[in-house]
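Just so you know, we're using my numbering here: the sequence shown kicks off at 4 and counts up by one.
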Amino acid sequence: MPAGTLYRGREGMWSWVAHRVTGVLIFFFLFVHVLDTSLVRVSPEAYDDVVATYKNPVVALLEYGLVAAILFHALNGLRVIAVDFWSKGPRYQKQMLWTAVGIWVVLMLGALYPVLGHAVREVFGSATHVS
Numbered sequence: 004m005p006a007g008t009l010y011r012g013r014e015g016m017w018s019w020v021a022h023r024v025t026g027v028l029i030f031f032f033l034f035v036h037v038l039d040t041s042l043v044r045v046s047p048e049a050y051d052d053v054v055a056t057y058k059n060p061v062v063a064l065l066e067y068g069l070v071a072a073i074l075f076h077a078l079n080g081l082r083v084i085a086v087d088f089w090s091k092g093p094r095y096q097k098q099m100l101w102t103a104v105g106i107w108v109v110l111m112l113g114a115l116y117p118v119l120g121h122a123v124r125e126v127f128g129s130a131t132h133v134s
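Right, dumping it as structure tokens:
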């Protein structure tokens, strides 16, 4: 392949791709959420059955993924706004991306226990000591 014909994207391209992918994932979650919530008007029993299936560790991992998608999409969206509306934004877009990723990592670590704690306790049992 001749030199210069293959696009080799860097941080900007990957943040663009991740922003689109997280946006689509969030859209599909909202679509499914509206559908399962609408079941309560059709059949409260069916709604209860669907909600009961959500109380398993696999769904907890999916919830953590949803938190990851929403946080990344929000932080990257703020970065895009800064790039578009701040006169020096394009000059600092790479640094702003890595700052957003760093904040995302810290927030995702902070979300581990609140989102996945119940799933870990369900799988491995509660570590309670009786003295």
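Ideal placement from N, C-alpha and C gives every residue a C-beta, glycine not left out.
Taking 9 Å as the cut-off, the beta carbon of Leu28 is found no closer than this to the beta carbon of Tyr67. Closest option to Phe31, judged by alpha-carbon separation, among Asn59, Ala72, Tyr95: Ala72. Leu69 and Asp39 have their C-alpha atoms spaced approximately 16 Å apart.
Taking Val35 as the centre and dropping the five residues before and after it, the same chain places no C-beta closer than 8 Å to its C-beta. The DSSP-derived three-state label of Ser129 is coil. In the same chain as Trp107, and ignoring 5 residues on each side of it, the C-beta atoms closer than 7 Å to its own belong to Leu74, Phe75, Leu78, in chain order. Under the DSSP assignment, Arg44 falls in the alpha helix (DSSP H) whose first and last residues are 14-45. Look at Lys91 here: in three-state DSSP terms it is coil, with no helix or strand label.
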